[in-house]
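Residue numbers (the UniProt record's numbering), protein chains in the order written: chain A, 1 to 117; chain B, 1 to 414.
Just so you know, even glycine gets a beta-carbon here, dropped at the ideal spot from N, CA and C.
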């Protein structure tokens, strides 16, 4: 079963980070990705540009409407995700606990609705 | 249908119906556990089992009761689930996994009892706490949402929604149907025991459903204690519920609630009390005290009244001190104050009540009942009358309302 970890955090928390802080942050995530790969459960991941850079689009009656900004303004924003392949929710919880984002933000676990086919 | 192991002879309809009802009662949770585990589909399992029971009512009078009634029901229900799955997918079914059915007649290791796995998934931390107890009552014991709603004083629609949501979450998230190992088991076991305790404690004391649900909560705790004799708190819970349930017949007199000190001990279930004492000793021998064991020990002190004719308030006070230290629930704090009132006088009890600092007190019925009782003892009639009024306003169960109203009326006359 594929689970997606949606990583939410308050971006103002990153405001004061130095170059070294970012480098350390990258290392921490690199180690987590390495652990996921070593366990053979890694599917994909991405780290997203800040929410202010989002482009939001909808198509109604053949007309496309484009907005500059996020779908919803929230304090904690989606900053990245992991897709992992695991047997059940307990395994997903155990891996989400190890996700660095759990320590400063929130990790939302969502199971796939597409099955394993 | 010969491969279903049907017996050769037709039997009277009434006997077939009685057998169906008997198998349903004895095996419900085990069958739902077996049927729901592969796809995590509790709702589908319940529907399929109910269809299989209907089919048994139709088939068994003509064919006789199969040699293995549980196996028969599982196979028919599995076929229904496969059909439903195929209809849902509108394509050929997925290959059905070929693992053998654990059916009656083949003794299993207790850990393999599908009801245990079902209990653990019902108490998963990913399910709302309020839904855990009701979900166990439905999935493991087969109560309907309407019955559970009545027992928990909730609206049937709200209860139904709560249960549907919980089952959807179990299936969508692939919550595991197994007894976890190690630290996870220890942690999750607390959720299971809390939910079983909640089943017993939260159920409204009135009505046949509540009575039956309390009995089933005692049964679930016993099942758990039989399977996990190395967990002192599981044993403590089983002892606690057995002690409480042993007093069920003494709790009511002509529709009015009888408080524990006034209960006639000859109405207590002495066999159940003996079983509770045995479980509690078994728990103590493990040398790891905990909340449920202390609560069971408190009930054991009350049960001793059968032999001694009185209640050892000093022992109760010491146990409540211990209880509020490790589990300072509102109920424990209020009970501790009531015991101090009995031991050292009403003023001491009222002082202990005044020490409790919690915003929920305004709506906590036992607090107002205890306060009213202590105020009445202290001779503060006006204040006692007000406290009784607040207690009555917060009481749902008619027997308890009747008890409080008569205590208040007695106060007016004095």
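Report the residue from A:99, A:12, A:1, A:103 whose alpha carbon sits nearest the alpha carbon of residue 74 of chain A.
The shortest Cα separation from residue 74 of chain A among A:99, A:12, A:1, A:103 belongs to A:12.
Three or more C-beta pairs closer than 8 Å, one from the stretch 179-190 of chain B and one from the stretch 119-128 of chain B: is that the case here?
Of all C-beta pairs linking the stretch 179-190 of chain B to the stretch 119-128 of chain B, three or more are shorter than 8 Å, placing the two stretches in contact.
Verify the CB distance criterion: does residue 111 of chain A have a CB-CB separation below 8 Å to chain B?
Interface annotation, residue 111 of chain A: in contact with chain B, CB-CB separation under 8 Å.
Helix, strand or coil for residue 173 of chain B per DSSP?
Coil.
Anyone know if the C-beta pair for residue 384 of chain B and residue 350 of chain B falls short of 8 Å?
In this structure, residue 384 of chain B keeps its C-beta atom at 8 Å or more from the C-beta atom of residue 350 of chain B.
DSSP-derived helix/strand/coil call for residue 356 of chain B:
The answer is coil: DSSP assigns residue 356 of chain B none of H, G, I, E or B.
Kindly indicate the opening and closing residues of the beta strand (DSSP E) around residue 68 of chain A.
First-last of the beta strand (DSSP E) with residue 68 of chain A: 63-68.
Any Cβ of chain A within less than 8 Å of the Cβ of residue 184 of chain B?
It does; some Cβ of chain A falls within 8 Å.
In or out: residue 400 of chain B buried (at least 16 other Cβ within 10 Å) or exposed?
Its Cβ being crowded by 16 or more others within 10 Å, residue 400 of chain B is buried.
So, under 8 Å CB-CB, residue 236 of chain B and residue 296 of chain B are touching, yes? Tell me the CB distance rounded to an integer number of Å.
Going by Cβ atoms, the distance from residue 236 of chain B to residue 296 of chain B rounds to 5 Å, so yes, they are a contact pair.
Neighbour-count burial assignment, residue 167 of chain B, 16 or more Cβ in a 10 Å radius
By the Cβ neighbour-count rule, residue 167 of chain B is buried, with 16 or more other Cβ atoms within 10 Å of its own.
Check distances from the C-beta atoms of the stretch 157-179 of chain B to those of chain A and list, in chain order, the residues that come in under 7 Å.
If the cut-off is 7 Å between Cβ atoms, the stretch 157-179 of chain B has 172, 173, 174, 175, 176 near chain A.
Are three or more beta carbon pairs between the stretch 336-343 of chain B and the stretch 308-326 of chain B nearer than 8 Å?
Taking 8 Å as the limit for Cβ pairs, the verdict is that the stretch 308-326 of chain B does touch the stretch 336-343 of chain B.
If contact means a Cβ-Cβ distance below 9 Å, which residues of the stretch 88-104 of chain A contact chain B?
For the stretch 88-104 of chain A, which is checked against every Cβ of chain B, the residues closer than 9 Å are 88, 89, 90, 91, 92, 93, 94.
Given that residue 126 of chain B touches chain A, what residues does it touch there, using C-beta distances under 7 Å?
Annotation: Cβ neighbours of residue 126 of chain B in chain A (cutoff 7 Å, chain order): 89.
Looking at the C-beta of residue 1 of chain A, does it have a partner C-beta in chain B at a distance below 8 Å?
Chain B, which has a Cβ nearer than 8 Å to the Cβ of residue 1 of chain A, makes this yes.
Rounded to the nearest angstrom, what separates residue 127 of chain B and residue 277 of chain B at their Cα positions?
The alpha-carbon of residue 127 of chain B is positioned some 34 Å away from that of residue 277 of chain B.
Return the first residue and the last residue of the alpha helix (DSSP H) that residue 31 of chain B is part of.
Residue range 13-36 is occupied by the alpha helix (DSSP H) that includes residue 31 of chain B.
Please report the Cβ distance between residue 16 of chain B and residue 60 of chain B, rounded to the nearest whole angstrom; I am assuming they are in contact, meaning their Cβ atoms lie under 8 Å.
In this structure, residue 16 of chain B and residue 60 of chain B form a Cβ contact; the two beta carbons are roughly 4 Å apart against a cut-off of 8 Å.
Nearest-angstrom Cα separation, counted from residue 27 of chain A out to residue 20 of chain A
So the alpha carbons of these two residues sit roughly 11 Å apart.
Report yes or no: do three or more beta-carbon pairs, one from the stretch 366-376 of chain B and one from the stretch 126-144 of chain B, lie closer than 8 Å?
Output reads no: the stretch 126-144 of chain B does not touch the stretch 366-376 of chain B.
May I ask which residues mark the beginning and end of the alpha helix (DSSP H) holding residue 381 of chain B?
Its alpha helix (DSSP H) spans residues 381-393.
Less than 7 Å between C-beta atoms, sequence neighbours within five positions excluded: which residues of the same chain meet that for residue 43 of chain A?
Excluding residues within five positions, the ones whose Cβ falls inside 7 Å are 2, 83, 84, 85.
Identify which residue in A:52, A:61, A:81 has its Cα closest to the Cα of residue 72 of chain A.
Distance check between residue 72 of chain A and each of A:52, A:61, A:81 places A:52 closest, using alpha-carbon atoms only.
Buried/exposed call for residue 79 of chain A, threshold 16 Cβ in 10 Å:
Residue 79 of chain A sits buried, since 16 or more C-beta atoms from the chains shown fall within 10 Å of its C-beta.
Which residue wins for smallest C-alpha separation from residue 106 of chain A, given the options A:113, A:59, A:81, A:87?
For residue 106 of chain A, the nearest C-alpha among the options comes from A:81.
Return helix, strand or coil for residue 77 of chain A, following the three-state DSSP convention.
Note: residue 77 of chain A maps to strand in three-state DSSP.
Do you know how far the Cα of residue 329 of chain B is from the Cα of residue 143 of chain B?
Spanning the two alpha carbons is a distance of roughly 29 Å.
How close, in whole Å, do the beta carbons of residue 416 of chain B and residue 35 of chain B come, if the pair is a contact with beta carbons under 8 Å?
Outside the displayed span of chain B (1 to 414) sits residue 416 of chain B, for which this structure offers no information.
Cross-strand partners of residue 258 of chain B (DSSP beta bridge)
None, per the DSSP bridge assignment.
Which runs of the alpha helix (DSSP H) at least 4 residues long sit entirely within the stretch 293-353 of chain B? Give them in chain order.
305-308, 313-326, 330-344, all fully within the stretch 293-353 of chain B.
If we ignore side chains and look at the alpha-carbon of each, how far apart do residue 67 of chain A and residue 393 of chain B end up?
Approximately 55 Å between the Cα atoms of the pair.
Taking three-plus beta-carbon pairs below 8 Å as touching, is the stretch 216-226 of chain B in contact with the stretch 153-161 of chain B?
Because the criterion of three Cβ pairs below 8 Å is not met, the stretch 216-226 of chain B and the stretch 153-161 of chain B do not touch.
Could you pull the start and end residues of the beta strand (DSSP E) that residue 46 of chain A belongs to?
Looking at the DSSP string, the run of the beta strand (DSSP E) that includes residue 46 of chain A is 42-47.
Residue from B:222, B:303, B:285, B:280 with nearest C-alpha to residue 267 of chain B:
The option with the nearest alpha carbon to residue 267 of chain B is B:303.
From B:49, B:13, B:362, B:256, residue whose alpha carbon lies closest to that of residue 58 of chain B
Minimum Cα distance to residue 58 of chain B is reached at B:13.
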